[in-house]
Amino acid sequence: MSARLAINTVSAKGTAAPDSHFYFRGCFRVPAGGSVKIKLLAASWFEAWLDGGWLDEGPARFDLRHPEFKTLETELPAGEHVLALHVHYEGVVTRLMEAETPLFVFAEIEAGGADLPIGWKYLPLDEAFRKTGRRIDCVLGWIEWCRTDKLPQGWRAAGFDDSAWPGAVARPLEVESFLPLDLGDIAHVVHRPQAVAEGPLVNMSMFTNDPPIAFVTRRLDDCGFPAQGRWWRFDLGKVRLGRPEITVDAPAGTVVQVAYGELLHHGRVSPYISSSAGDQHTCNLDHYVLRGGR
Numbered sequence: 069m070s071a072r073l074a075i076n077t078v079s080a081k082g083t084a085a086p087d088s089h090f091y092f093r094g095c096f097r098v099p100a101g102g103s104v105k106i107k108l109l110a111a112s113w114f115e116a117w118l119d120g121g122w123l124d125e126g127p128a129r130f131d132l133r134h135p136e137f138k139t140l141e142t143e144l145p146a147g148e149h150v151l152a153l154h155v156h157y158e159g160v161v162t163r164l165m166e167a168e169t170p171l172f173v174f175a176e177i178e179a180g181g182a183d184l185p186i187g188w189k190y191l192p193l194d195e196a197f198r199k200t201g202r203r204i205d206c207v208l209g210w211i212e213w214c215r216t217d218k219l220p221q222g223w224r225a226a227g228f229d230d231s232a233w234p235g236a237v238a239r240p241l242e243v244e245s246f247l248p249l250d251l252g253d254i255a256h257v258v259h260r261p262q263a264v265a266e267g268p269l270v271n272m273s274m275f276t277n278d279p280p281i282a283f284v285t286r287r288l289d290d291c292g293f294p295a296q297g298r299w300w301r302f303d304l305g306k307v308r309l310g311r312p313e314i315t316v317d318a319p320a321g322t323v324v325q326v327a328y329g330e331l332l333h334h335g336r337v338s339p340y341i342s343s344s345a346g347d348q349h350t351c352n353l354d355h356y357v358l359r360g361g362r
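By the count of the numbering used here, the sequence shown reaches residue 362 at its end, each step adding exactly one.
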């Protein structure tokens, strides 16, 4: 029998439901300015910021018996700081994770040869993110369907008031080994896609009835009906692994949908994934309702 060891992690209270989003804030104090080492891992997909600046995302790969943590080093001044994470808990079998993988956040921060205590709080985002029951495909996670007006602003900064957030709970994670990630650093390249077409749109189906059907039945030409919005098509140049960063200045309630495809179907992007063995539940599409402003 393999030896077991327990990793000190934190989590939300209770059991997280599949397709749940959480914000975590870990506040810590650096006694003297200098080099700081951060060990970091979370499940499932996560994105991390340090004092409001983007830090990392992951996990790069994952084995529930042999998880691996990322190690990052940076310089920090003395004083209060915050490590902020957005964790999207999948809770289903994907090509990366088992369904039994629990929600957790692991972080150790070392300065001057000593581990710094971290005070963790979290916020469940059930009001902001709707559980659609739609996955990108059968081996990947869930699409995002988000009302951005339900997301707190400024939550990544050290001075944010999180007094109303519940405290995270300690949740030891039993594993067989826990070692540094031995992959090389994953490049985070900013790629600006080429805009290739745009025009007016008219919805022919409700957003919520069947998201990919609503997308592919949308009229993208000047069909004589009053336009309800506008669309843009971008060429990424080749098949890529990535995520969009979109800056929008629009009124409250504006809907932004982003769909992706490896190739065009009849000259259009289709949110269905052709490599998913005909699985009609695929939905390579995300949906955001904006709070208004920039």
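Backbone N, C-alpha and C define an ideal beta-carbon position, used for all residues, glycine too.
This structure is a prediction, so every number in the text was calculated from the model and none was measured.
Item                                                                                                                                                                               : Value
Since residue 98 and residue 154 should fall inside the 8 Å C-beta cutoff, what is the C-beta to C-beta distance between them, to a whole number of angstroms?                     : The pair is not a contact, with the Cβ atoms about 23 Å apart (cut-off 8 Å).
Per DSSP, residue 142 is paired with what?                                                                                                                                         : 104
Determine whether the beta carbon atoms of residue 77 and residue 239 lie at a separation below 7 Å.                                                                               : yes
Three Cβ pairs or more, each shorter than 8 Å: is that satisfied between the stretch 116-134 and the stretch 209-218?                                                              : no
As an exercise, report each continuous alpha helix (DSSP H) stretch of at least 4 residues that is fully enclosed by the stretch 267-320, in chain order.                          : 279-284
Who are the near neighbours of residue 237 in its chain, counting only those whose CB is closer than 8 Å to its CB and skipping five residues on each side?                        : 78, 79, 80, 81
Measuring alpha carbon to alpha carbon, tell me which residue in 261, 289, 339 is nearest residue 308.                                                                             : 261
Give me, in chain order, the residues of the same chain whose beta-carbon lies closer than 6 Å to that of residue 87; leave out the 5 immediate sequence neighbours on both sides. : 199, 210
Please list, in chain order, all residues of the same chain as residue 265 whose beta carbon is under 6 Å from its beta carbon, the five residues on each side excluded.           : 301
Report the residue ranges of all alpha helix (DSSP H) runs contained in full by the stretch 221-276; include only those spanning at least 4 residues, in chain order.              : none
Exposed or buried, residue 360, counting other C-beta atoms within 10 Å across all chains shown (16 or more means buried)?                                                         : exposed
Using alpha carbons as the reference points, say which of 172, 241, 278 lies closest to residue 126.                                                                               : 172
Can you tell me which of 233, 222, 303, 224 puts its alpha carbon nearest to the alpha carbon of residue 331?                                                                      : 303
Tell me, which residues are paired with residue 215 by DSSP?                                                                                                                       : 357
If you draw a straight line from the alpha carbon of residue 354 to that of residue 215, how long is it in whole angstroms?                                                        : 12 Å
Considering only C-alpha positions, which residue in the set 267, 323, 232 is nearest to residue 279?                                                                              : 323
Considering only C-alpha positions, which residue in the set 326, 306, 305 is nearest to residue 315?                                                                              : 326
Between the C-alpha atoms of residue 311 and residue 334, what's the straight-line distance to the nearest angstrom?                                                               : 24 Å
Output yes or no for whether 7 Å exceeds the beta carbon distance between residue 117 and residue 123.                                                                             : yes
Tell me the rounded alpha-carbon separation between residue 69 and residue 204.                                                                                                    : Because residue 69 sits at a pLDDT of 49, beneath the cut-off of 50, its placement in the model cannot be relied upon, and the point is left open.
So the candidates are 178, 169, 226; which of them puts its Cα closest to the Cα of residue 152?                                                                                   : 226
In this structure, does DSSP put residue 204 in helix, strand or coil?                                                                                                             : coil
Skipping 5 residues on each side, what residues in its chain have a beta carbon closer than 7 Å to that of residue 146?                                                            : 98, 99, 100, 101
According to the neighbour-count rule (16 or more other Cβ atoms, all chains shown, within 10 Å of its Cβ), is residue 254 buried or exposed?                                      : exposed
Which one of 313, 288, 272, 181 has the shortest CA to CA distance from residue 282?                                                                                               : 272
Which value, in whole angstroms, describes the spacing of the CA atoms of residue 142 and residue 290?                                                                             : 53 Å
I need the boundaries of the beta strand (DSSP E) containing residue 75, first residue and last residue.                                                                           : 73-75
If you check the beta carbons only, do residue 96 and residue 177 fall under 7 Å apart?                                                                                            : yes
Can you look up residue 190 in the DSSP assignment and give me helix, strand or coil?                                                                                              : strand
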